[in-house]
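K.L.:
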Amino acid sequence: MKEAPARKVLVVGLGNPDRGDDGVGPVVARELSGVLPTDVAITWPSGDALSLIAAWSGFDAVIFIDAAAPARTPGRIHRFDLAKTELPRGLNYASSHALSVADAIGLARVLRQAPQDIIVYAVEGASFACGAPMTPEVADAAVKVTGRVVAEVARLRQSANELTADA
Amino acid sequence: MATRTIRVDYLARVEGEGALDLQISDGRLVAARLSIFEPPRFFEAFLRGRGYMETPDIVARICGICPIAYQMSAVHAIENAFGVTVGGQLRALRRLIYCGEWIESHALHVVMLHAPDFLGYPDAIAMARDHGDAVRSGLALKKTGNDLLRLLGGREIHPVNVRPGGFYRVPQRSELEPIAERLKMARDQAVGLVRWVATFPFPDLERDYEFVALRHANEYPLNEGRIVSNRDIDIDIADYESEFEERHVAHSTALHSLLKRRGAYLVGPLARYALNFDRLPAGVRALAAEAGLAAVCNNPFRSIIVRAIEIVYACEEALRLIAAYELADAASVPVEPRAGVGFGCTEAPRGICWHRYAFDADGTILTARIVPPTAQNQPSIEADLMAVAAPLVLEPDDVIRDRCEQSIRNYDPCISCSTHFLKLSVHRT
């Protein structure tokens, strides 16, 4: 029986590497280069969120890694499976010219241009100062998120048939 | 005496932070104040002591949507001070990258930010359920504009390839050909956008604006021209301060720009269009007529049509520039600093962006002055709000609020440039 091709997966690291803990997304994305299978696309864009709608075109699944505003515990990792839950709207700043990632996902879903699976890893940051390094707590979290994304990618690459069989 | 207050903490779909206060007394609107409380950003201060070569990359950080406007005004001012002329294909490439900025900025505002106002949706996501094709066109246009910025500027946000004298690297002709194909599609999408927005319901409002824009001998203005108005202004950009002044007002951290002799004036698409209609290609003028526009448009709500017309123009101009493109001998012309003062003024998507720098002999900036378009439009926004809200004072607060927000968005205000924006309060006594 012919083996089903792996599902197409995109990994996106969001954030500004020059703003302390905000750089956790690009740090994890860079770390994953050379670690993930070669058919997995990795990017850490600097453009606006709307451009993501074009970037994820043709992918079955996308994983975002981003920093979150301080809440309770610096370095705490949150995982959102957007097939099961919405991104907390409070995470968005209502800016006009730079629409948020949640806006881009919402818009893409209405236009039927969103990947089937969207997973978001958000790491609570503590310091977002210009030119600052990541705090130790977030640096530790980056290592953990890297490992979790490797496992997540392996799961998401499985074909729909394989996922059904696993279930 | 009854007092009634409407408050909107932050107006969405405009850039930045501020507030609008409407004062209604005895059923009459007595004041409309745009209160910008975003902290000043001090760009003019921290440019002092920096070298002229750093300037384009520093001023690009003023805005993520219109960085080219700041870069272009800066490099023109630097070259003006040092006696440098950039011509030929380098000049054409500057015009081309500016077309990219107009396309991405206008497409974002027309479709994602402003159109929902006219069609009664809270945002573009809700609008997309019923107007998917228009939103797809808007996204495609924005992407094409961004692609042009990335190709010529190195990246679409805060480009890094612009320098005094030209560019750090210029593209091969073969690099421009793929984007020309996308621009042809973009042009058709933009024409569709014009026809779509022309069907919107427009409030009936005519204002007697003094329009101010650049005017060039034979081009629709982007990088160069004289500063003109529909009254009696026709001056070199170096004489800007003879006619215009900035005043600090207590309710805004962004300086208000005014005509010394007459007060408020308007910059941006409506002004550019009115003062340069004859510089548009015949086909674009015909499209404007088809969309119901005369050679001058005084209805601020119809600025959405003019923006769409300018997207069509920018696509056509970009295609014309690419068709005529030949690789320049060098990516830049030599620039030798000298002591002096230089002026730059270019047409940002939201209107003229005026710069003045004084340099010492080695090109270090001694003083800088930057006048962004939204700062210039603040008094005009307040005058519009008076005209819009006055007939509505007996309407419910949410009707007044929605119409005022729509009026403010007529300007595509970029408060992060001027400094930022918006909560709305209506005080009734």
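Residue numbers (this note's numbering), protein chains in the order written: chain L, 1 to 167; chain B, 1 to 429.
Don't be surprised by glycine CBs; every beta carbon is placed ideally from N, CA and C.
Owing to the predicted nature of the structure, the values given are computational and were not obtained by experimental measurement.
Within 10 angstroms of the Cβ of B:Cys99, are there 16 or more other Cβ atoms? Answer buried if so, exposed if not.
P.N.:
In the second sequence, residue 99 of chain B corresponds to position 99, counting from 1. Buried, because 16 or more other Cβ atoms sit within 10 Å of the Cβ of B:Cys99.
K.L.:
Which residue comes first and which comes last in the alpha helix (DSSP H) that contains L:Val27?
P.N.:
Here the question's residue 27 of chain L lines up with position 27 in the first sequence. First-last of the alpha helix (DSSP H) with L:Val27: Val24 to Leu32.
K.L.:
What number of angstroms, rounded off, separates the C-alpha of B:Leu151 from the C-alpha of L:Ala141?
P.N.:
Here residue 151 of chain B corresponds to residue number 151 of the second sequence, with the count starting at 1. Here residue 141 of chain L corresponds to residue number 141 of the first sequence, with the count starting at 1. Whole-angstrom Cα-Cα distance: 36 Å.
K.L.:
Return the residues of the stretch 124-135 of chain B that lie within a Cβ-Cβ distance of less than 7 Å from chain L, sorted by chain order.
P.N.:
From the stretch 124-135 of chain B, only Ala124, Ile125, Ala128, Arg129, Gly132 and Val135 have a Cβ closer than 7 Å to chain L.
K.L.:
Going by alpha carbons, who is nearest to B:Met112 out of B:Trp102, B:Ile125 and B:Val194?
P.N.:
Working through the second sequence from its first residue, we reach residue 112 of chain B at position 112. Ranking B:Trp102, B:Ile125 and B:Val194 by Cα distance to B:Met112 puts B:Ile125 first.
K.L.:
By the three-class DSSP mapping on this structure, what secondary structure does L:Gln158 have?
P.N.:
By one-based count along the first sequence, residue 158 of chain L stands at place 158. If DSSP states are grouped into helix, strand and coil, L:Gln158 belongs with coil.
K.L.:
Alpha carbon to alpha carbon, how far is B:Cys297 from B:Leu275?
P.N.:
Position 297 of the second sequence, counted from the first residue, corresponds to residue 297 of chain B. Position 275 of the second sequence, counted from the first residue, corresponds to residue 275 of chain B. When rounded, the distance between both Cα atoms is 10 Å.
K.L.:
Within the 9 Å Cβ cut-off, does L:Ser22 reach chain B?
P.N.:
Against the first sequence, residue 22 of chain L aligns to sequence position 22. According to the sequence provided, residue 22 of chain L is Asp. The question's Ser does not apply to it. Answer no: the Cβ-Cβ gap between L:Asp22 and chain B never drops below 9 Å.
K.L.:
Please report the distance separating the alpha-carbon of B:Pro201 from that of B:Gly165.
P.N.:
In the second sequence, residue 201 of chain B corresponds to position 201, counting from 1. In the second sequence, residue 165 of chain B corresponds to position 165, counting from 1. About 46 Å.
K.L.:
Could you tell me which whole alpha helix (DSSP H) segments of length 4 or greater appear in the stretch 94-151 of chain B?
P.N.:
Complete alpha helix (DSSP H) runs here, min 4: 115-119 and 124-128.
K.L.:
Where DSSP assigns a beta bridge to L:Leu124, which residues make up the other side?
P.N.:
One-based indexing of the first sequence puts residue 124 of chain L at position 124. Residue identity check: residue 124 of chain L is Glu in the sequence provided, not Leu. L:Ala68, per the DSSP bridge assignment.
K.L.:
Taking the alpha carbon of L:Lys144 as the point to measure from, which residue in L:Ile42, L:Trp44, L:Arg79 and L:Val40 has its own alpha carbon closest?
P.N.:
For the purposes of this step, residue 144 of chain L is taken as the residue at position 144 of the first sequence. Closest by alpha carbon: L:Arg79.
K.L.:
In angstroms, rounded to a whole number, what distance separates the CA positions of B:Ala282 and B:Glu316?
P.N.:
The count along the second sequence starts at 1 and reaches residue 282 of chain B at position 282. The count along the second sequence starts at 1 and reaches residue 316 of chain B at position 316. In a straight line, the C-alpha of B:Ala282 is about 12 Å away from that of B:Glu316.
K.L.:
Pull up the DSSP beta-bridge partners for B:Glu347, would you.
P.N.:
To locate residue 347 of chain B, count along the second sequence from 1; it is residue 347. Partner(s): B:Ile352.
K.L.:
Kindly say whether B:Arg155, judged by its beta-carbon, lies nearer than 9 Å to any beta-carbon of chain L.
P.N.:
Position 155 of the second sequence, counting from 1, holds the residue named residue 155 of chain B. Closer than 9 Å to some Cβ of chain L, the Cβ of B:Arg155 qualifies, so yes.
K.L.:
With H, G and I counted as helix, E and B as strand and the rest as coil, what does DSSP make of B:Ile400?
P.N.:
Stepping through the second sequence from its first residue, residue 400 of chain B is reached at position 400. Of the three classes helix, strand and coil, the one that applies to B:Ile400 here is helix, per DSSP.
K.L.:
Going by Cα to Cα distance, which pick from L:Val149, L:Val12 and L:Pro136 is closest to L:Ser51?
P.N.:
To locate residue 51 of chain L, count along the first sequence from 1; it is residue 51. Selected option, being the one with the closest Cα: L:Val12.
K.L.:
Give me the Cα-Cα distance between B:Cys404 and B:Leu214, rounded to the nearest whole angstrom.
P.N.:
Translated into the one-based positions of the second sequence, residue 404 of chain B becomes position 404. Translated into the one-based positions of the second sequence, residue 214 of chain B becomes position 214. Their backbone Cα atoms lie some 29 Å apart in a straight line.
K.L.:
Can you find a CB in chain B that lies within less than 9 Å of the CB of L:Gly47?
P.N.:
One-based indexing of the first sequence puts residue 47 of chain L at position 47. By this cut-off, L:Gly47 is an interface position.
K.L.:
Secondary structure at B:Gln378, three-state DSSP: helix, strand or coil?
P.N.:
Counted from its first residue, the second sequence places residue 378 of chain B at position 378. In the structure shown, B:Gln378 sits in a helix (DSSP, three-state: H, G or I).
K.L.:
So, do the stretch 309-323 of chain B and the stretch 125-136 of chain B have three or more beta carbon pairs nearer to each other than 8 Å?
P.N.:
No: fewer than three Cβ pairs fall under 8 Å.
K.L.:
Got a sec: which bits of the stretch 53-64 of chain L sit with their beta carbon under 8 Å from any beta carbon on chain B, in order along the chain?
P.N.:
Flagged, chain order: Ile53 and Ala54.
K.L.:
Does B:Phe244 pass the burial test, meaning 16 or more other C-beta atoms within 10 Å, or should it be called exposed?
P.N.:
Translated into positions along the second sequence, residue 244 of chain B becomes position 244. With 16 or more other Cβ atoms within 10 Å, it is buried.
K.L.:
When burial is assigned at 16 or more other CB atoms within 10 Å of the CB, is B:Phe46 buried or exposed?
P.N.:
Here residue 46 of chain B refers to the residue found at position 46 of the second sequence. Exposed.
K.L.:
Suppose you measure from the CA of L:Gly125 to the CA of L:Pro74; what does that come to, to the nearest Å?
P.N.:
Taking the first residue of the first sequence as 1, we reach residue 125 of chain L at position 125. Taking the first residue of the first sequence as 1, we reach residue 74 of chain L at position 74. Those two C-alpha atoms are separated by around 5 Å.
K.L.:
Going by beta-carbon coordinates alone, are L:Leu10 and L:Trp44 separated by less than 9 Å?
P.N.:
Position 10 of the first sequence, counted from the first residue, corresponds to residue 10 of chain L. Position 44 of the first sequence, counted from the first residue, corresponds to residue 44 of chain L. Contact: no.
K.L.:
Alpha helix (DSSP H) containing L:Leu52: first to last residue?
P.N.:
In the first sequence, the residue the question calls residue 52 of chain L occupies position 52. Its alpha helix (DSSP H) spans residues Ser51 to Ala55.
K.L.:
On the DSSP bridge list, what partners appear for B:Glu246?
P.N.:
Position 246 of the second sequence, counting from 1, holds the residue named residue 246 of chain B. BP columns for B:Glu246 point to B:Ser257.
K.L.:
Anything in the stretch 185-208 of chain B with a Cβ closer than 9 Å to a Cβ of chain L? List those residues in chain order, please.
P.N.:
Under the 9 Å Cβ criterion, the stretch 185-208 of chain B contributes no residue.
K.L.:
Is B:Ile78 closer than 9 Å to B:Ala198 when the C-beta atoms are compared?
P.N.:
Taking the second sequence and counting its residues from 1, one reaches residue 198 of chain B at position 198. Taking the second sequence and counting its residues from 1, one reaches residue 78 of chain B at position 78. Their beta carbons are not under 9 Å apart, which means B:Ala198 does not touch B:Ile78 by this criterion.
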